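J.: The structure follows.
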Amino acid sequence: METGKSTSGEQPTSGWPLAEAEPRPEEAQSAEVPTPGEGPGSGERSSVDGLGLGAVVTGILLLSPVAIVLGHLALRRAKRRPAQSRTLAIAGTILGYLGLLVTVGAVVAYTTTLGPELDRASADAHAQADVTAVGNAVAVALESDATLPEVAVADGSYTVGDTELEALLDGERTLELTGTSRTDWCVELGYESGDLSTVSYVGTAGFRDAACA
């Protein structure tokens with residue numbers, strides 16, 4: 096009986112496994128080296144992600160113009176990238192436009208509503224301080240002379256007898272002192288830039304947010 100021969104064209108076999116053929120050098124090199132711009136460490140991918148991240152950060156900080164510019168640059172550079180690489184760019188661009196709308200809305204609200212209200216409140220506070228200062232000056236003047244002193248409005252100030260007082264209130268103002276004695280008198284200050292328009296200081300009661308009775 097013969098051994099070691101094959102039949103029907105079969106290769107002879109033995110108890111040892113056949114060694115796999117090693118790849119040729121050019122095939123191994125092409126399998127190991129990624130195509131430029133496609134690998135995980137690609138510089139272009141990292142620059143696109145950096146622009147998108149910058150757009151998101153500046154959008155959160157309400158630096159809207161910067162966020163919009165960075166977002167559009169990131170979108171332009173991410174046109175040939177997977178959808179995931181566009182996420183930060185889209186989010187940053189949306190945040191930029193939302194921040195711009197919020198800023199414009201705040202400016203409009205301030206100039207049309209909040210700003211004028213704050214100006215009127217400030218004028219009322221200044222009027223209260225001015226009429227109180229004039230009233231105190233009148234009281235001091237009456238301590239040495241029972242005659243009511245002359246009061247007047249000057250440019251940026253008030254005068255009570257020979258005393259000049261700095262005015263905090265701007266704009267058109269009127270000042271009047273009425274009374275009959277050291278205790279029965281009232282200083283009235285009129286103005287147009289506030290909500291009250293008229294405040295007074297009574298010798299026996301002090302400040303009032305209304306005209307003299």
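Okay, so the sequence shown: first residue is 96 according to the numbering used here, each after it adds one. Even glycine gets a Cβ: it sits at the ideal position worked out from N, Cα and C. Quick caveat, the model's predicted, so the values are computed rather than measured.
(1) Leaving out the 5 sequence neighbours to the left and right, which residues in its chain are closer than 7 Å to S159 when beta-carbon positions are compared?
(2) Any idea which residues DSSP pairs R268 with across the strands?
(3) Apart from the five residues just before and just after S288, which ones in its own chain have a Cβ nearer than 6 Å to its Cβ?
(4) Taking C-alpha atoms, which residue in I155, T188 and G256 lies nearest to L168?
(5) Check whether the Cβ atoms of G154 and I185 lie closer than 9 Å to each other.
(6) Can you find the residues in the same chain that come closer than 6 Å, C-beta to C-beta, to L146, ignoring five residues on each side of it along the sequence?
(7) In whole angstroms, what is the alpha-carbon distance linking Y205 and R215?
(8) Taking buried to mean at least 16 other C-beta atoms within 10 Å of its own C-beta, is G149 buried or exposed?
(9) For A308, name the three-state secondary structure that DSSP assigns.
(10) Taking the C-alpha atoms as reference points, what is the distance between L260 and L213?
(11) Provide the residue(s) that pair with A247 in DSSP beta bridges, ordered along the chain.
(12) Taking its Cβ as the centre, do 16 or more other Cβ atoms sit within 10 Å of D250, making it buried, or is it exposed?
T.: Taking the definition as stated:
(1) Stepping through the sequence shown from its first residue, residue 159 is reached at position 64. In chain order, G191, G194, L195 and T198 place their CB closer than 7 Å to the CB of S159, counting only its own chain and leaving out the 5 sequence neighbours on each side.
(2) In the sequence shown, counting from the first residue as 1, residue 268 sits at position 173. Paired residue(s): Y286.
(3) Mapped onto the sequence shown, residue 288 falls at position 193. Within the same chain, S288 has close Cβ partners A218 and G266.
(4) Along the sequence shown, one-based indexing puts residue 168 at 73. Measuring from the Cα of L168, the nearest candidate turns out to be T188.
(5) Looking up residue 154 in the sequence shown gives position 59. Looking up residue 185 in the sequence shown gives position 90. Cβ distance not < 9 Å, so G154 and I185 don't count as in contact.
(6) By one-based count along the sequence shown, residue 146 stands at place 51. Around L146, the same chain offers L165, L168 and A169 as residues with beta carbons nearer than 6 Å, after the five sequence neighbours per side are excluded.
(7) In the sequence shown, counting from the first residue as 1, residue 205 sits at position 110. In the sequence shown, counting from the first residue as 1, residue 215 sits at position 120. Whole-angstrom Cα-Cα distance: 13 Å.
(8) As a first step, residue 149 is located in the sequence shown; it is residue number 54 there, counting from the start. The residue is buried, with at least 16 neighbouring Cβ atoms inside 10 Å.
(9) Here residue 308 refers to the residue found at position 213 when the sequence shown is read from its first residue. Here A308 sits in coil by DSSP.
(10) As a position in the sequence shown, residue 260 is number 165, starting the count at 1. As a position in the sequence shown, residue 213 is number 118, starting the count at 1. So the alpha carbons of these two residues sit roughly 25 Å apart.
(11) Translated into the one-based positions of the sequence shown, residue 247 becomes position 152. Paired residue(s): T254.
(12) Here the question's residue 250 lines up with position 155 in the sequence shown. So D250 counts as exposed.
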